[in-house]
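Just below is one structure, and these are the notes that go with it.
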Amino acid sequence: IKDSTNKNVKVTILRNNQNQDYNIAVDTLYIPAISTNIYNQNNKTIGYLYISTFSSSLKDQVAKALSKMDSQNIDSLIIDLRGNGGGYLSAATDVASMFLQKGKAIYSLEEKDSTKTTYDETDESRSYPIIVLIDSGSASASEILTGALKDSYGATLVGKKSYGKGKVQQTYQLDDGSMVKYTSAKWLRPNGECVDETGINPDENVDLIYNKDASGNVTDFVDTQLNKAIEMLSEQ
Numbered sequence: 002i003k004d005s006t007n008k009n010v011k012v013t014i015l016r017n018n019q020n021q022d023y024n025i026a027v028d029t030l031y032i033p034a035i036s037t038n039i040y041n042q043n044n045k046t047i048g049y050l051y052i053s054t055f056s057s058s059l060k061d062q063v064a065k066a067l068s069k070m071d072s073q074n075i076d077s078l079i080i081d082l083r084g085n086g087g088g089y090l091s092a093a094t095d096v097a098s099m100f101l102q103k104g105k106a107i108y109s110l111e112e113k114d115s116t117k118t119t120y121d122e123t124d125e126s127r128s129y130p131i132i133v134l135i136d137s138g139s140a141s142a143s144e145i146l147t148g149a150l151k152d153s154y155g156a157t158l159v160g161k162k163s164y165g166k167g168k169v170q171q172t173y174q175l176d177d178g179s180m181v182k183y184t185s186a187k188w189l190r191p192n193g194e195c196v197d198e199t200g201i202n203p204d205e206n207v208d209l210i211y212n213k214d215a216s217g218n219v220t221d222f223v224d225t226q227l228n229k230a231i232e233m234l235s236e237q
């Protein structure tokens with residue numbers, strides 16, 4: 002039972018044949034979708050932003066992280082989308098809008114009879130160099146953000162080719178309760194390319210180095226992709 006302020010809820014639990022009442026505070030908890038770091042090399046301060054998924058709360062998380070890194074006067078930024086299978090399209094749009102100049106294209110949706118382009122409508126933008134890390138696990142919303150930053154911002158891509166998911170799919174429930182899933186459109190990069198089944202190729206193709214034990218089992222790896230990004234930005 003919620004109280005009049007909707008900030009607390011009363012829960013009654015039956016334990017040992019007795020009812021016990023508990024008052025529990027109601028709050029919104031955000032599952033972390035990012036992690037950050039700062040690298041200093043060759044007198045350059047390089048920000049690092051890892052995004053694990055495009056969640057509904059990503060906009061606020063990224064905004065806070067960027068504000069903190071900007072206050073540290075970063076010279077450039079690495080955005081790590083490796084292994085990120087996507088999420089909310091709106092989250093990718095919101096993050097792209099934090100970097101692009103107003104009026105720049107983010108992506109287009111190509112339907113049967115028309116194509117609609119989504120542009121950055123915000124006054125917020127940034128101008129420092131950006132490197133985006135991608136791999137075969139970077140898909141869907143990750144590819145939308147990657148394409149927007151590459152084509153409309155001038156970001157450099159490092160890693161391996163992305164997954165290649167460029168279809169927009171919807172579901173429709175039938176009268177018998179079953180569900181039909183169908184493709185309604187495909188999305189295009191600002192440069193007009195569709196990534197479906199082709200992916201996005203990096204500017205710098207870099208393999209990870211895996212260390213193995215005597216039995217051939219992987220023990221750890223050297224993050225050569227991140228190291229390459231830091232090296233490139235430290236030399237700019």
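Numbered according to my numbering, the sequence shown spans residues 2 to 237.
Glycine included, every Cβ here is placed at the ideal spot set by N, Cα and C.
For this session: Measure the alpha-carbon distance for Lys3 versus Val207 and round it to whole angstroms.
Result: Since pLDDT at Lys3 reaches only 46, below the 50 mark, its modelled position is unreliable, and the value read off the structure follows with that caveat. Taking the straight line from one Cα to the other gives about 54 Å.
Exercise. Thinking C-alpha only, which one of Ser141, Leu175, Phe55 and Asn18 is nearest Lys166?
Worked result: Answer by Cα proximity: Ser141.
Exercise. Does the Cβ-Cβ distance between Ser57 and Tyr89 come in under 8 Å?
Worked result: Yes, Cβ-Cβ distance for Ser57 and Tyr89 is below 8 Å.
Problem set entry | Asn24 to Ile32 span [Cα, whole Å] | Approximately 23 Å, taken between the alpha carbons.
For this session: Using DSSP bridges, identify the partner residues of Tyr173.
Result: As computed with DSSP, Tyr173 is found in a beta bridge with Val181.
Problem set entry | Selected residue, minimal CA-CA separation from Lys161, among Gly217, Pro191 and Asp224 | Minimum Cα distance to Lys161 is reached at Asp224.
For this session: Would you identify the three-state DSSP class for Leu227, choosing helix, strand or coil?
Result: In this structure, Leu227 counts as helix in the three-state DSSP scheme.
For this session: Assign Phe55 to one of two classes, buried (16 or more other C-beta atoms within 10 Å of its C-beta) or exposed (fewer than that).
Result: Buried: at least 16 other Cβ atoms inside 10 Å.
Exercise. Secondary structure at Gly104, three-state DSSP: helix, strand or coil?
Worked result: In the three-state reduction of the DSSP assignment, Gly104 falls in the coil class.
Exercise. Looking only at its own chain, which residues have a Cβ that is under 7 Å from the Cβ of Lys117, when we skip the five neighbours before and after it?
Worked result: For Lys117, same chain residues with a beta-carbon under 7 Å away, outside a window of 5 residues either side, are Ser109 and Leu110 in chain order.
For this session: Locate the alpha helix (DSSP H) running through Asp81, then write down its first and last residues.
Result: Element bounds for Asp81: not the alpha helix (DSSP H) but the beta strand (DSSP E), Ser77 to Asp81.
Problem set entry | Own chain residues within Cβ distance below 6 Å of Met99, not counting five before or after | Excluding residues within five positions, the ones whose Cβ falls inside 6 Å are Glu125.
For this session: For Ser68, count neighbouring Cβ atoms within 10 angstroms of its own Cβ and tell me buried if that reaches 16, exposed if not.
Result: By the 10 Å Cβ count, Ser68 comes out exposed.
Exercise. Would you call Met180 buried or exposed, if buried means 16 or more other Cβ atoms sit within 10 Å of its Cβ?
Worked result: Burial call: exposed.
Problem set entry | Which of helix, strand or coil DSSP assigns to Ile2 | Note that Ile2 scores a pLDDT of 48, beneath 50, so its modelled location is shaky; the value from the coordinates is reported in the next line. Coil at Ile2, not helix or strand.
Exercise. What residues are listed by DSSP as bridge partners for Glu1?
Worked result: Residue 1 lies beyond the range of the chain shown here (2 to 237); nothing can be said about it.
Problem set entry | 8 Å contact criterion, which Ser143 and Gly87 should meet: CB distance rounded | The distance from the Cβ of Ser143 to that of Gly87 is about 6 Å, consistent with a contact at the 8 Å cut-off.
Exercise. For the candidate residues Leu175, Ser163 and Trp188, whose alpha-carbon lies nearest to that of Val169?
Worked result: Ranked by how close their Cα comes to the Cα of Val169, the residues Leu175, Ser163 and Trp188 have Trp188 in first place.
For this session: Could you check the C-alpha separation between Gln19 and Thr13 for me, to the nearest Å?
Result: Each residue's alpha carbon lies about 10 Å from the other.
Exercise. What residues match up with Lys45 in a beta bridge as DSSP calls it?
Worked result: Beta-bridge pairing links Lys45 to Gln42.
Problem set entry | Among Gln21, Ser163, Tyr183 and Pro203, the one whose alpha carbon lies nearest that of Gly84 | Nearest in C-alpha terms to Gly84, of all of Gln21, Ser163, Tyr183 and Pro203, is Ser163.
Problem set entry | Identity of the residue in Lys105, Asp28, Ile35 and Gly138 nearest Ile201 by Cα | Ile201 has its Cα closest to that of Gly138, out of Lys105, Asp28, Ile35 and Gly138.
Exercise. Start and end of the alpha helix (DSSP H) containing Gly148?
Worked result: Unbroken alpha helix (DSSP H) run through Gly148: Ala142 to Ser153.
For this session: Quick one: using the 10 Å Cβ neighbour count with 16 as the cut-off for buried, is Val96 buried or exposed?
Result: Buried, because 16 or more other Cβ atoms sit within 10 Å of the Cβ of Val96.
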